[in-house]
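A.B. asks:
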Amino acid sequence: MIRFEQVNKWYGSDHHVLKDINLEIKQGEVVVICGPSGSGKSTLIRCINRLEPIQQGKIIVDDMDLHNPRLDLTTLRAEIGFVFQQFNLYPHMTVLENITLAPTMVRNMPRAEADRLGMELLEKVNIPDKAGAYPTQLSGGQQQRVAIARGLAMKPKIMLFDEPTSALDPEMINEVLDVMKALAREGMTMACVTHEMGFAREVADRVIFMDHGVLVEENTPEEFFNNPQHERSKEFLSKIL
Ligand code: ADP
Ligand code: MG
1 MIRFEQVNKW YGSDHHVLKD INLEIKQGEV VVICGPSGSG KSTLIRCINR LEPIQQGKII
61 VDDMDLHNPR LDLTTLRAEI GFVFQQFNLY PHMTVLENIT LAPTMVRNMP RAEADRLGME
121 LLEKVNIPDK AGAYPTQLSG GQQQRVAIAR GLAMKPKIML FDEPTSALDP EMINEVLDVM
181 KALAREGMTM ACVTHEMGFA REVADRVIFM DHGVLVEENT PEEFFNNPQH ERSKEFLSKI
241 L
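Each residue of the sequence shown is one higher than the last, beginning at 1 in full-length UniProt numbering.
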């Protein structure tokens with residue numbers, strides 16, 4: 001579903017942020033990406049929906065070559081849901097309107113159908129009673145679950161998560177992780193930047209460890225946590241576990 005071949009990216013002329021990245025994520029796989037701050041994790045996943053261009057190598061997403069000049073970005077992005085650390089909900093719209101905006105605008109879905117879909121998704125993220133609320137009336141955990149529902153509204157083939165629980169109070173982290181775990185079990189293809197190692201152990205097929213723009217280690221969660229292969233992975237794990 002996602003393939004990186006010898007990908008190199010620079011910011012400006014001399015900041016080399018992704019170095020010779022090779023990576024493959026198959027349909028239905030859940031991959032957790034971890035590593036120190038500044039190692040290039042966000043940049044890597046932002047490349048998947050072409051929020052960031054690359055200068056060398058190749059990225060293929062669902063058979064689309066992301067650097068084909070004729071690539072239709074709307075088609076690409078309709079296939080990919082993206083959930084950020086900051087929920088980025090539209091404050092002047094209700095929860096249901098936030099979720100139905102893309103399907104009605106991009107897919108021309110009739111209002112009644114979009115509302116039905118929106119309610120289904122709110123059931124899925126366990127807050128159907130919040131359909132008419134505004135984002136500021138919700139807790140952080142609830143807002144992030146709305147953001148996930150919004151990401152699912154276009155029926156994406158891939159979901160990307162960039163530290164979705166990092167801005168949350170500790171007691172709200174699990175309600176978001178539970179929704180992500182359920183998605184993983186349903187077979188969604190997922191790339192998640194997160195330091196939630198319990199989540200990684202439970203649902204990840206693979207863990208990727210990045211440092212200084214390099215994909216240092218790629219391993220099963222079991223091996224990565226119990227028997228990391230690289231000094232830098234060990235050092236990182238000793239700091240977060
Ligand atoms: P991570 O998500 O692992 O913390 P990032 O991908 O955000 O890492 O950043 C990798 C490096 O690239 C950091 O040194 C960061 O400061 C730099 N960087 C990130 N985004 C930009 C940008 N838009 N322009 C210039 N430098 C950036
Ligand atoms: Mg980041």
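All C-beta atoms in this analysis are idealised placements derived from N, C-alpha and C, irrespective of residue type, glycine included.
Keep in mind the model is a prediction, meaning the values are calculated, not measured.
Which residues are close to ligand 1, meaning CB closer than 5 Å to any heavy atom, in chain order?
C.D. replies: Y11, V17, S37, G38, S39, G40, K41, S42 and T43
A.B. asks: Check whether the Cβ atoms of P110 and A153 lie closer than 8 Å to each other.
C.D. replies: No. Outside cutoff.
A.B. asks: Going by DSSP in three states, N22 sits in which element: helix, strand or coil?
C.D. replies: strand
A.B. asks: Can you check which of these residues, V32, P135 and I54, is closest to D6 by C-alpha distance?
C.D. replies: The residue asked about is misnamed: residue 6 is Gln in this sequence, not Asp. Out of V32, P135 and I54, I54 has the C-alpha closest to the C-alpha of Q6.
A.B. asks: Quick check on DSSP: helix, strand or coil for F236?
C.D. replies: helix
A.B. asks: Less than 8 Å between the beta carbons of I45 and L121, yes or no?
C.D. replies: In this structure, I45 lies away from L121, with their beta-carbon atoms at least 8 Å apart.
A.B. asks: Helix, strand or coil, according to DSSP, for V125 in the structure here?
C.D. replies: Correct three-state label for V125: coil.
A.B. asks: Alpha carbon to alpha carbon, how far is G35 from A147?
C.D. replies: 24 Å
A.B. asks: Can we count V31 as close to ligand 2, meaning its CB is less than 7 Å from some heavy atom?
C.D. replies: no
A.B. asks: Find the nearest neighbour of C192 within the set I33, E222 and L89, judged by alpha-carbon distance.
C.D. replies: I33
A.B. asks: With a threshold of 8 Å, are at least 3 pairs of Cβ atoms found where one atom belongs to the segment 223–234 and the other to the segment 199–213?
C.D. replies: Yes, the segment 223–234 touches the segment 199–213.
A.B. asks: Assign L215 to one of three DSSP states: helix, strand, or coil.
C.D. replies: strand
A.B. asks: In the DSSP assignment, the beta strand (DSSP E) including F224 goes from what residue to what residue?
C.D. replies: Careful: F224 lies outside any beta strand (DSSP E), inside the alpha helix (DSSP H) at P221 to N226.
A.B. asks: If you draw a straight line from the alpha carbon of H195 to that of P128, how long is it in whole angstroms?
C.D. replies: Rounded to whole angstroms, H195 to P128 spans 29 Å at the Cα level.
A.B. asks: Do the segment 72–90 and the segment 160–169 meet, that is, are 3 or more Cβ pairs less than 8 Å apart?
C.D. replies: yes
A.B. asks: Over the uninterrupted alpha helix (DSSP H) stretch that includes A147, give me the two end residues.
C.D. replies: G140 to L152
A.B. asks: Go to R75, then tell me how far its beta strand (DSSP E) extends in each direction, as first and last residue.
C.D. replies: What sits at residue 75 in the sequence shown is Thr, not Arg. Where T75 is concerned, there is no enclosing beta strand (DSSP E), although the alpha helix (DSSP H) around it starts and stops at L73 to A78.
A.B. asks: By alpha-carbon positions, which one of S166, R107, V95 and P170 ends up nearest to L138?
C.D. replies: V95
A.B. asks: Consult DSSP for T189 and reduce its assignment to one of helix, strand or coil.
C.D. replies: The answer is strand: DSSP assigns T189 an E or B state.
A.B. asks: If you drop the 5 nearest sequence neighbours on each side, which residues of the same chain put their C-beta closer than 7 Å to that of G12?
C.D. replies: none
A.B. asks: Verify the contact flag: E52, CB atom, against every heavy atom of ligand 2, threshold strictly below 7 Å.
C.D. replies: no
A.B. asks: Taking 7 Å as the cut-off, is the C-beta of V193 nearer than that to any heavy atom in ligand 2?
C.D. replies: Yes, the Cβ of V193 comes within 7 Å of a heavy atom of ligand 2.
A.B. asks: Does K9 come out as helix, strand or coil in the three-state DSSP assignment?
C.D. replies: strand
A.B. asks: Tell me whether E163 counts as near ligand 2, meaning its Cβ is closer than 7 Å to at least one heavy atom of that ligand.
C.D. replies: yes
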